[in-house]
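Peer 1:
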Amino acid sequence: MLRIDTISKTYRMLDVETRALDGVSLAVGSGEFVAIMGPSGCGKSTLLNIVGMLDQADAGRYEFGGHDVTGASQSRMTALRRASIGFVFQDFNLIDDLTVEENVQLALTYRRVRMGERRRRTRQILEEVGIAHRAGHLPNRLSGGQQQRVAIARALVGKPSLILADEPTGNLDTVNGDAVMVLLADAVRRGSTVLMVTHSLAYAAFAQRTVKMLDGRIVSETLMAA
Ligand code: ADP
Ligand code: MG
15 MLRIDTISKT YRMLDVETRA LDGVSLAVGS GEFVAIMGPS GCGKSTLLNI VGMLDQADAG
75 RYEFGGHDVT GASQSRMTAL RRASIGFVFQ DFNLIDDLTV EENVQLALTY RRVRMGERRR
135 RTRQILEEVG IAHRAGHLPN RLSGGQQQRV AIARALVGKP SLILADEPTG NLDTVNGDAV
195 MVLLADAVRR GSTVLMVTHS LAYAAFAQRT VKMLDGRIVS ETLMAA
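Just so we're aligned, residue 15 is where the sequence shown starts under this note's numbering, counting upward by one.
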């Protein structure tokens with residue numbers, strides 16, 4: 015699915031330099047569910063953003079779906095991202111003035127799916143995540159748990175090969191957090207690959223492998239017993 019090889023990333027702000035990633039290598043196979051853990055500031059989001067082609071590393075190699083995408087152009091990364099990657103964030107990141115249905119449909123508009131098909135697939139995925147009864151609502155009328163279901167629907171509707179989830183349960187109570195994990199585990203069962211940042215050991219246990227980070231490096235990898 016993807017392979018990064020000794021990537022580094024330094025952020026420069028005024029006279030302050032932060033080495034967010036310091037020689038990180040990671041390979042993720044198709045259909046794998048990998049959890050990433052580590053203290054705040056250790057580079058987890060930076061890693062996810064680079065894997066998701068929202069950002070680029072300063073050094074190292076990145077191979078996605080068998081293609082070398084190291085130093086790829088903005089337009090190539092955008093095209094690959096829209097075709098192959100779905101994102102779920104801690105704070106949901108829905109568009110406030112679009113309805114639930116419109117938020118999800120937008121992901122298909124980017125993929126140039128036709129109107130009728132867009133409506134059909136959106137309806138279906140909203141049913142699957144249990145939020146179809148809120149299709150016409152604006153996101154701010156929904157609870158956090160409901161908003162995250164919409165975000166998951168948006169991530170899944172385009173049938174991406176890779177789902178990146180950055181602390182997807184971070185703003186949710188246990189009941190809603192558990193529900194989000196069930197949806198992600200279902201996606202893996204249907205063939206998606208998931209890379210998820212979490213602070214919860216219980217949720218990391220849903221994954222087949224846990225990668226631990228510290229100070230911009232991967233310090234350990236643990237395989238879960240089957
Ligand atoms: P995590 O997700 O593990 O909490 P991040 O990847 O967000 O960590 O951040 C890693 C380090 O890089 C932190 O020290 C953070 O302050 C810094 N950092 C992240 N993004 C930026 C940015 N856009 N500009 C400057 N520094 C950043
Ligand atoms: Mg983070």
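In this text, a Cβ means the ideal position worked out from N, Cα and C, and glycines have one as well. Please read these numbers as outputs of a predicted model, since none were measured by experiment.
Answer yes or no: the CB of Y124 versus the heavy atoms of ligand 1, is any distance below 7 Å?
Peer 2: It does not: the Cβ of Y124 is nowhere closer than 7 Å to a heavy atom of ligand 1.
Peer 1: Using the Cα positions of V48 and D200, report the straight-line distance between them to the nearest angstrom.
Peer 2: Rounded to whole angstroms, V48 to D200 spans 14 Å at the Cα level.
Peer 1: With 16 other CB atoms within 10 Å as the buried threshold, where does V164 fall?
Peer 2: V164 should be labelled buried.
Peer 1: Give the DSSP bridge partners of V225, in chain order.
Peer 2: For V225, which the question treats as bridged, DSSP gives the partners I50 and E235.
Peer 1: Return yes when the Cβ of L35 is within less than 8 Å of the Cβ of L209, no when it is not.
Peer 2: Result no, Cβ atoms of L209 and L35 do not sit closer than 8 Å.
Peer 1: Please report the straight-line C-alpha distance between R33 and E142, rounded to a whole angstrom.
Peer 2: Looking at the two C-alpha atoms, the distance is approximately 41 Å.
Peer 1: Give me the Cβ distance between V202 and G45, rounded to the nearest whole Å; I'm assuming they're in contact under 8 Å.
Peer 2: With 8 Å as the limit, V202 and G45 qualify as a contact, their Cβ atoms being about 7 Å apart.
Peer 1: Which same chain residues end up closer than 6 Å to V194 when comparing Cβ atoms and leaving out the 5 residues on each side of it in sequence?
Peer 2: Q162, P182 and T183.
Peer 1: Which residue comes first and which comes last in the alpha helix (DSSP H) that contains T84?
Peer 2: No alpha helix (DSSP H) holds T84; DSSP gives it neither H nor E.
Peer 1: How about T207 and M15: are their beta carbons less than 8 Å apart?
Peer 2: Cβ distance < 8 Å, so T207 and M15 count as in contact.
Peer 1: Of the choices V189, V102, L112 and S214, whose alpha-carbon is the least far from that of R168?
Peer 2: Comparing Cα positions, the closest option is V102.
Peer 1: Check each candidate in D19, I50, I18 and T20 and name the one with the smallest Cα separation from Q222.
Peer 2: Considering only alpha carbons, the answer is I50.
Peer 1: For T84, verify whether its CB is less than 7 Å away from any heavy atom of ligand 1.
Peer 2: Checking the Cβ of T84 against ligand 1 gives no.
Peer 1: Please check if any C-beta of chain B sits within less than 8 Å of the C-beta of T212.
Peer 2: Protein chains in the displayed structure number just one, and chain B is not present.
Peer 1: Please say whether L215 and I99 have beta carbons closer to each other than 8 Å?
Peer 2: No, the pair does not count as a contact, with Cβ atoms beyond the cut-off.
Peer 1: Would you kindly check if the distance between the Cβ of T20 and the Cβ of G57 is under 8 Å?
Peer 2: No, the Cβ-Cβ distance between G57 and T20 is not below 8 Å.
Peer 1: Using a threshold of 7 Å, is the CB atom of Y217 nearer than that to any non-hydrogen atom of ligand 1?
Peer 2: No.
Peer 1: Going by C-alpha to C-alpha distance, which of V127, R126 and H213 sits closest to S59?
Peer 2: With distances taken between Cα atoms, S59 lies closest to H213.
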